[in-house]
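Residue numbering for the sequence shown follows the numbering used here, starting at 280 and increasing by one per position.
Even for Gly, the Cβ is constructed at its ideal location relative to N, Cα and C.
Working notes, beginning with the structure itself.
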Amino acid sequence: MEASNFYTGIFAELYAPLKSTSQAWEPYAEFISQEGEPALELGCGDGERILDLRRNGFDVDGIDSSTDMLARCAQQAAQADIEVALFPQRMEELELPRRYRSIFLAGPTFTLLPDDVTALRALKRIRGHLADGDTALVPLFIPAPTDPRQLGMVSEVVTKGGEVLPCSIVSADRDEDARVQRNLLRYEKHANGTSVVEDRTWLLHWYTQSGFRQLAEAAGLVVVALQDKEGRTISTDANATEFRVVLQSAR
Ligand SMILES: C[S@@+](CC[C@H](N)C(=O)[O-])C[C@H]1O[C@@H](n2cnc3c(N)ncnc32)[C@H](O)[C@@H]1O
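See below:
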């Protein structure tokens, strides 16, 4: 299965109930207020952030590779009477009719791109949707190696409707040279006497700060700032495991 199809089927359905933390929308509102509208969220998923931004009056469109996730987003938008333009696209094939003052990912979704070649294609497509002086925000992280003691350990969520949702890591594999970690995840849903169990590989591909800068430059972008996850400017730090990269078109 292609990495961009990970959040489909039961993995899309259980994304929201299994999500352990909810990210705030305000940092992205701040970014858009500073850099301008219209804005575009890449990998908007089932819409937690983009719907908050739309609810608060921001002109923001969304794309996602998963039509299952977008259907959930559209359904929530309709229930809340929010209009939002959603496009089923992969960021590495981004092709939209308008250009954006701000393009962002709300969280480290960029690490779902499986390799540097795909990442470079995505950065070029981002570049193609920015005019001079417009800005993109790419949060990145370097995942910790999976602790072998976690393998086979089951964490379980029970929904209000009584569905039992166990989740576990079946196996883990890490390639430091390729900067890739593959965890085989098992998602289960038990409800009303029926069970669904599916295993799927969750791939993360990460970047060093200098490696990402090189890729961005190859795509016609420049790194105008490195930030910590709160948006404070930081200097290059080879040991940082969580950082945000602010990009603009190279002139
Ligand atoms: C971890 S979810 C985050 C969703 C949302 N941004 C949030 O914070 O709730 C990652 C999303 O990125 C999407 N995605 C993965 N690869 C993608 C790609 N190549 N292009 C566009 N979207 C992608 C997935 O389908 C999924 O909906």
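Helix, strand or coil for residue i, going by three-state DSSP, please let me know.
i: Asp-340; result: strand
i: Val-363; result: coil
i: Arg-453; result: strand
i: Asp-413; result: strand
i: Ile-421; result: coil
i: Tyr-379; result: strand
i: Glu-320; result: strand
i: Gln-355; result: helix
i: Arg-461; result: strand
i: Thr-512; result: strand
i: Leu-384; result: coil
i: Leu-349; result: helix
i: Leu-482; result: strand
i: Arg-530; result: coil
i: Thr-390; result: helix
i: Phe-285; result: coil
i: Lys-439; result: coil
i: Gly-326; result: coil
i: Gly-315; result: coil
i: Ala-517; result: coil
With DSSP as the reference, identify every bridge partner of residue i, one or two as the case may be.
i: Ala-504; result: Val-525
i: Tyr-466; result: Cys-446 and Glu-477
i: Ser-434; result: Cys-446
Rounded C-beta distance between residue i and residue j? I'm assuming under 8 Å.
i: Glu-316; j: Asp-338; result: 4 Å
i: Gln-368; j: Arg-328; result: Actually they are not in contact, since the Cβ atoms of Gln-368 and Arg-328 sit about 17 Å apart, beyond 8 Å.
i: Ile-513; j: Leu-500; result: That pair is no contact at about 19 Å.
i: Asp-325; j: Gln-355; result: 7 Å
i: Glu-477; j: Ile-289; result: 5 Å
i: Leu-430; j: Ala-451; result: 7 Å
Does the separation of the CB atoms of residue i and residue j fall below 8 Å?
i: Ala-385; j: Glu-320; result: yes
i: Leu-373; j: Ile-342; result: yes
i: Arg-453; j: Met-280; result: no
i: Thr-414; j: Leu-526; result: yes
i: Leu-375; j: Ala-498; result: no
i: Ala-291; j: Met-348; result: yes
i: Ser-345; j: Tyr-286; result: yes
i: Val-524; j: Leu-399; result: no
i: Leu-293; j: Leu-444; result: yes
At least one CB of chain B closer than 8 Å to the CB of residue i: is that the case?
i: Leu-319; result: Looking at the structure shown, chain B is missing, and only one protein chain is on hand.
| request: Please write down, chain order preserved, every residue whose beta carbon lies under 5 Å from a heavy atom of ligand 1. | output: Ordered along the chain, the selected set is Ser-283, Tyr-286, Gly-322, Gly-324, Glu-327, Asp-343, Ser-344, Ser-345, Met-348, Arg-369, Met-370, Ala-385, Gly-386, Thr-388 and Leu-391.
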